[in-house]
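Trainee:
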Amino acid sequence: MALTKTECIAMYRTMVTIRQFETLAGELFAAGKIPGFIHLSLGQEGSAVGVCSCLRKDDYLTTTHRGHGHMIAKGADLKKMVAELFGKKTGYCKGKGGSMHIADFSLGILGANGVVAGGLPIIAGAGFSIKMRKTDQVAVCFFGDGAANRGPVHEVMNLAAVWKLPIIFVVENNQFASTTPHCDACAVEDISLRAKGYSMPGTTVDGNDLLQVRNAAETAVVRARKGEGPSLIENKTYRIRGHFEGDPQKYRRPEEVETWQKKNDPVARFSLFLTREKMLTEKMEEGIWREVETELSAAVAFADQSPFPEPEEALEDLLSNP
Amino acid sequence: MPDRILSCSAALAEALNEEMTRDPSVFIIGEDIKAHAGIFGQFKGIPENFPDRIIDTPISESAIAGVGLGAALTGLRPVVDLHFSDFVTCCMDELVNQSAKIRFMLGGQVRVPLVVWCPDGAGLRAAAQHSQSLEAWFVHTPGLKVVVPSEPADVKGLIKAAIRDDDPVMFFQHKKLFAKEGPVPRGDYVIELGQAAVKRPGTDATLIGYGSGFYLCREAAQQLSEMDIDTELVDLRTLKPLDMQTVAESIKKTRRAVIVHEACRTGGFGAELAARIQEELFDYLAAPVKRVAARDVPMPFSPPLEDFVLPKVTDVVAAVRGVINRKASLRGGSKSR
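Each protein sequence line maps, in turn, to chains P and D. So for the first sequence, this note's numbering puts the first residue at 249; every next one is plus one. So for the second sequence, this note's numbering puts the first residue at 12; every next one is plus one.
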């Protein structure tokens with residue numbers, strides 16, 4: 249389906265929001281404002297926006313420890329996100345989850361996940377529930393190349409295919425599972441090849457080309473909504489930052505990172521496309537970046553001014569019926 | 012008194028049929044449950060009555076438990092059949108890291124109305140990977156409720172409460188007790204989670220059991236009464252939340268407690284309960300709290316070996332006599348179980 253200018257600009261704006269959010273999160277972490285550890289998705293914006301722009305609000309999604317971008321692309325509130333990263337009471341999870349468990353259930357987000365591949369079994373349940381309740385929702389599961397090698401992935405993909413569940417499996421192959429390069433950990437170069445073993449469509453796309461991702465996702469979403477079953481999309485991308493903020497990154501050369509940043513930046517590539525298509529002027533672009541910056545400043549101010557939870561609140565929210 | 016007798020498995024099937032009639036969001040999912048209405052016949056009638064809501068799966072425990080959690084998050088009330096409780100190890104992440112924690116991690120945004128039904132226990136010569144009693148692992152996991160019924164009426168009342176509960180419940184039902192019979196109330200009989208039952212009043216010592224341990228206690232109480240020792244029998248029924256009030260009321264009266272479970276002794280639920288009793292009731296106690304439990308080995312296959320490892324009625328009787336005659340208890344302390 250041809251995209252309108254409005255849709256394209258909206259997608260670009262979301263990419264810029266993720267880019268700025270993650271950049272700022274890195275700075276805030278370095279400044280000691282964010283406790284614990286965080287995993288940034290800089291360089292992977294095309295995957296998040298390309299997929300989530302095909303989704304409705306009531307579609308389900310599970311994400312990973314590197315989940316800020318997916319949250320933003322599904323429409324999350326930046327104020328509640330920053331507040332959660334700060335551990336504040338006003339955060340999405342009232343400070344109980346942090347970066348690795350951030351979620352907005354009202355947007356169909358069934359959790360980021362601290363366990364690699366942890367979201368896959370959950371998405372199987374969401375897909376099953378859609379089928380049982382006979383709605384036309386779909387369920388999307390983001391996971392990484394590292395997760396692709398875990399056992400539950402096999403169980404869930406097989407089950408999803410046997411039952412024709414409305415699931416879109418999106419593997420973001422960012423080339424590294426923590427410190428281990430994909431080629432040292434996986435028997436196939438293209439993870440999408442595995443789809444064949446589950447009789448589901450599998451496709452590998454340039455994950456830093458927003459439109460390629462979007463096209464693949466749209467095909468898979470249409471298939472799922474029609475009840476024809478799951479698909480596997482592999483978005484080949486590159487993690488610009490370390491596995492976590494502070495990662496010494498001895499497993500790769502700085503020049504490699506620089507090359508990706510300069511020559512294959514998904515945000516810059518989409519900007520170039522929009523400029524060539526005469527959808528985006530320099531002035532509009534400046535305006536978008538400035539607006540997002542303002543929005544983020546407001547989110548940080550909100551989080552800054554928000555209180556920490558009372559210590560005793562640690563005992564709340566465990567059970568519905570204690 | 013109810014006017015009819017049912018087995019534990021019939022009580023379960025009746026409760027599930029009633030709950031599935033009452034609430035169309037309830038479904039059962041697991042391995043090999045449709046063809047024979049469960050490998051123990053525990054789902055009798057459900058394949059005929061609700062063919063679309065009893066779901067056979069591939070042998071994929073992570074996926075099965077994940078389906079349970081994901082479905083619970085999105086509007087359904089799953090009952091996951093784990094086939095044998097021992098197979099929880101194949102889906103521990105989904106149960107312990109995900110189901111138990113997701114509501115908390117998300118700051119209370121979600122409810123998890125999930126029941127994980129686990130047939131457990133030894134005595135069937137099923138060896139080390141089909142005989143365990145693993146309830147203590149889950150008591151040690153905040154976010155899960157743990158139910159271990161013993162008698163058929165408890166099975167019916169507690170499974171109904173578990174299904175209606177909005178939190179994840181681990182429901183352990185002993186394989187060897189499926190055929191045990193007892194009176195079961197007709198109709199919508201629900202036992203609130205977290206309520207123990209005093210199943211025999213007594214004055215000399217409190218026997219605390221659950222699951223198969225309840226039956227050891229009941230038999231021991233009978234034998235002890237013939238020796239003029241009058242024991243009170245508390246069936247815990249739910250381990251988490253724990254009904255400490257009922258336990259405390261009994262111990263304040265008898266001043267002596269023996270805890271009985273089939274799970275192996277070290278780190279078992281008896282350890283937790285004994286600790287609570289000494290913390291909260293030390294001044295009432297006339298004797299140390301004793302535990303009767305399985306030996307700390309995996310369950311062996313050969314009948315004489317398995318019988319040796321499992322706790323027996325004679326062990327319970329000896330333990331009670333020990334706490335009543337404290338000197339005898341101390342003398343036999345290091346060898347007793």
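Glycine included, C-beta positions come from ideal geometry on N, C-alpha and C. Just so it is clear, the structure is predicted and the values come from calculations on it, not from any experiment.
How far does the beta strand (DSSP E) with P:ALA351 in it extend, from its first residue to its last?
Mentor: Reading the first sequence from its first residue, position 103 is the one you call residue 351 of chain P. Element bounds for P:ALA351: n/a, residue is neither H nor E.
Trainee: Use the C-beta contact count for P:ALA386: other C-beta atoms within 10 angstroms, 16 or more gives buried, fewer gives exposed.
Mentor: If you number the first sequence from 1, residue 386 of chain P lands on position 138. According to the sequence shown, residue 386 of chain P is Val rather than Ala. So P:VAL386 ends up on the buried side.
Trainee: Which of the three DSSP states, helix, strand or coil, is assigned to D:LEU341?
Mentor: Here the question's residue 341 of chain D lines up with position 330 in the second sequence. Confidence is the limiting factor: at D:LEU341 the pLDDT is only 49, short of 50, which leaves the residue's position unreliable and the question unanswerable from this model.
Trainee: For P:TYR260, return the contacting residues in chain D, with the cut-off set at a CB-CB distance below 7 Å.
Mentor: Translated into the one-based positions of the first sequence, residue 260 of chain P becomes position 12. Chain D residues near P:TYR260: none, gap ~30 Å exceeds 7 Å.
Trainee: How many whole angstroms separate the CB atoms of D:THR200 and D:GLY222, which I take to be in contact at a CB cut-off of 8 Å?
Mentor: On the second sequence, position 189 is the one that residue 200 of chain D refers to. On the second sequence, position 211 is the one that residue 222 of chain D refers to. For the sequence presented, residue 200 of chain D should be read as Tyr rather than Thr. About 20 Å separates the two Cβ atoms, so there is no contact after all.
Trainee: Say whether chain P places a C-beta atom closer than 9 Å to the C-beta of D:GLU105.
Mentor: Position 94 of the second sequence, counted from the start, is the residue given in the question as residue 105 of chain D. Yes - at least one Cβ of chain P is within 9 Å of the one on D:GLU105.
Trainee: List the residues of chain P whose Cβ lies closer than 8 Å to the Cβ of D:VAL78, in chain order.
Mentor: As a working mapping, residue 78 of chain D is identified with position 67 in the second sequence. What D:VAL78 touches in chain P: PRO369, ALA372, GLY373, PHE376, LEU407.
Trainee: For the putative contact between P:LEU309 and D:GLY77, defined by C-beta atoms under 8 Å, what is the C-beta separation to the nearest angstrom?
Mentor: By 1-based counting over the first sequence, the position of residue 309 of chain P is 61. By 1-based counting over the second sequence, the position of residue 77 of chain D is 66. That pair is no contact at about 15 Å.
Trainee: Can you tell me whether DSSP reads P:ASN569 as helix, strand or coil?
Mentor: As a working note, residue 569 of chain P is residue 321 in the first sequence. Reduced to three states, the DSSP call for P:ASN569 is coil.
Trainee: Chain D partners of P:ASP306, CB-CB under 9 Å?
Mentor: Translated into the one-based positions of the first sequence, residue 306 of chain P becomes position 58. Within chain D, no residue comes near P:ASP306; the closest Cβ sits about 10 Å away, beyond 9 Å.
Trainee: Considering only residues of the segment 142-182 of chain D, which uninterrupted beta strand (DSSP E) runs meet the minimum length of 3 residues and lie entirely inside it, listed in chain order?
Mentor: Those beta strand (DSSP E) runs which fall completely within the segment 142-182 of chain D and span 3+ residues are 156-158.
Trainee: I'd like the ranges of any alpha helix (DSSP H) spanning at least 4 consecutive residues and lying wholly in the segment 400-483 of chain P.
Mentor: Listed in chain order, they are 430-433, 458-473.
Trainee: Interface residues of chain D around P:PHE556 at Cβ under 9 Å?
Mentor: Your numbering for residue 556 of chain P matches position 308 in the first sequence. Result: empty, since nearest Cβ-Cβ is about 14 Å, beyond 9 Å.
Trainee: Do you know how far the Cα of P:SER554 is from the Cα of D:ILE39?
Mentor: Here residue 39 of chain D corresponds to residue number 28 of the second sequence, with the count starting at 1. Here residue 554 of chain P corresponds to residue number 306 of the first sequence, with the count starting at 1. Approximately 44 Å, taken between the alpha carbons.
Trainee: Strictly by DSSP, which residues pair up with D:GLU243?
Mentor: Residue mapping note: residue 243 of chain D aligns to position 232 of the second sequence, counting from 1. DSSP output for D:GLU243 lists D:THR217 as bridge partner(s).
Trainee: Would you tell me roughly how many angstroms separate the C-alpha atoms of D:VAL320 and P:THR427, rounded to the nearest one?
Mentor: Looking up residue 320 of chain D in the second sequence gives position 309. Looking up residue 427 of chain P in the first sequence gives position 179. Distance between the alpha carbons of D:VAL320 and P:THR427: 47 Å.
Trainee: Which class does D:HIS185 belong to by DSSP, given the choice of helix, strand or coil?
Mentor: Within the second sequence, the letter at position 174 stands for residue 185 of chain D. Note: D:HIS185 maps to strand in three-state DSSP.
Trainee: Which residue spans inside the segment 279-313 of chain D form an unbroken beta strand (DSSP E) run of at least 3?
Mentor: Segments of the beta strand (DSSP E) lying fully in the segment 279-313 of chain D: 301-305.
Trainee: Could you have a look at D:ALA63 and say whether DSSP puts it in helix, strand or coil?
Mentor: Counting from one through the second sequence, the residue named residue 63 of chain D turns up at place 52. Per the sequence shown, residue 63 of chain D should be read as Asp rather than Ala. Coil.
Trainee: How about D:LYS191 and D:SER73: do their beta carbons lie closer than 9 Å?
Mentor: Locating residue 191 of chain D in the second sequence gives position 180, counting from the first residue. Locating residue 73 of chain D in the second sequence gives position 62, counting from the first residue. No, Cβ-Cβ distance for D:LYS191 and D:SER73 is not below 9 Å.
Trainee: Would D:PHE54 be called buried (16 or more neighbouring beta carbons within 10 Å of its own) or exposed?
Mentor: For the purposes of this step, residue 54 of chain D is taken as residue 43 along the second sequence, with counting starting at 1. The residue in question, D:PHE54, is buried, as its Cβ has 16 or more Cβ neighbours within 10 Å.
Trainee: Measure how close the beta-carbons of D:VAL158 and D:ALA137 come, nearest whole angstrom, since I'm counting them as under 8 Å.
Mentor: The residue given as residue 158 of chain D occupies position 147 in the second sequence. The residue given as residue 137 of chain D occupies position 126 in the second sequence. Wrong, their Cβ atoms sit about 22 Å apart, outside the cutoff.
Trainee: Could you check whether P:PHE417 and P:PRO496 sit closer than 9 Å to each other, using their CB atoms as the reference points?
Mentor: Start at 1 with the first residue of the first sequence, and residue 496 of chain P comes out as number 248. Start at 1 with the first residue of the first sequence, and residue 417 of chain P comes out as number 169. Going by C-beta atoms, P:PRO496 is not nearer than 9 Å to P:PHE417.
Trainee: CA-CA distance, P:MET448 and P:MET405?
Mentor: In the first sequence, counting from the first residue as 1, residue 448 of chain P sits at position 200. In the first sequence, counting from the first residue as 1, residue 405 of chain P sits at position 157. C-alpha separation (whole angstroms): 9 Å.
Trainee: Return the chain-ordered ranges of every beta strand (DSSP E) run that is complete within the segment 326-396 of chain P and spans a minimum of 3 residues.
Mentor: If we require 3 residues or more, the beta strand (DSSP E) runs fully inside the segment 326-396 of chain P come out as 387-392.
Trainee: Within the chosen definition, does the segment 516-527 of chain P reach the segment 302-321 of chain P through at least 3 CB pairs nearer than 8 Å?
Mentor: With the cut-off at 8 Å, the segment 516-527 of chain P and the segment 302-321 of chain P do not touch.
Trainee: In the DSSP assignment, what are the bridge partners of D:PRO89?
Mentor: Here the question's residue 89 of chain D lines up with position 78 in the second sequence. According to DSSP, which records beta bridges pairwise, D:PRO89 is partnered with D:PHE38.
Trainee: If you count every other CB in all the chains shown that lies within 10 Å of the CB of D:CYS101, and 16 or more means buried, which is it?
Mentor: Working through the second sequence from its first residue, we reach residue 101 of chain D at position 90. It counts as buried.
Trainee: Quick one: list the residues of chain D neighbouring P:VAL410, beta-carbon separation under 8 Å, in chain order.
Mentor: For the purposes of this step, residue 410 of chain P is identified with residue 162 of the first sequence, where counting begins at 1. In chain order: PRO69.
Trainee: Just the chain D side, please: which residues come within less than 8 Å of P:ASN397 by C-beta, in chain order?
Mentor: Position 149 of the first sequence holds residue 397 of chain P. Neighbours of P:ASN397 on chain D: none; closest Cβ ~14 Å, over 8 Å.
Trainee: Measuring straight from C-alpha to C-alpha, what distance separates D:ASN28 and D:LYS171?
Mentor: By 1-based counting over the second sequence, the position of residue 28 of chain D is 17. By 1-based counting over the second sequence, the position of residue 171 of chain D is 160. Roughly 10 Å between the two C-alpha positions.
Trainee: Could you give the residue range of the beta strand (DSSP E) that holds P:HIS316?
Mentor: On the first sequence, residue 316 of chain P is found 68 positions in, with the first residue counted as 1. First-last for P:HIS316: 316-321, but that is the alpha helix (DSSP H), not the beta strand (DSSP E).
Trainee: Less than 9 Å between CB atoms is the rule here; does D:MET116 satisfy it with respect to chain P?
Mentor: Taking the first residue of the second sequence as 1, we reach residue 116 of chain D at position 105. D:MET116 counts as touching chain P.
Trainee: Could you check which residue in D:ASP176, D:PRO153, D:HIS272, D:GLY220 has the C-alpha nearest to that of D:ILE202?
Mentor: As a working note, residue 202 of chain D is residue 191 in the second sequence. Comparing Cα-Cα distances from D:ILE202 to each of D:ASP176, D:PRO153, D:HIS272, D:GLY220, the minimum goes to D:ASP176.
Trainee: Identify, in the order they occur along the chain, each residue of the same chain with its Cβ nearer than 7 Å to the Cβ of P:GLU293, setting aside the five sequence neighbours on each side.
Mentor: The residue given as residue 293 of chain P occupies position 45 in the first sequence. Answer for P:GLU293: MET263, ILE266, ARG267, GLY317, PRO514, VAL515, listed in chain order.
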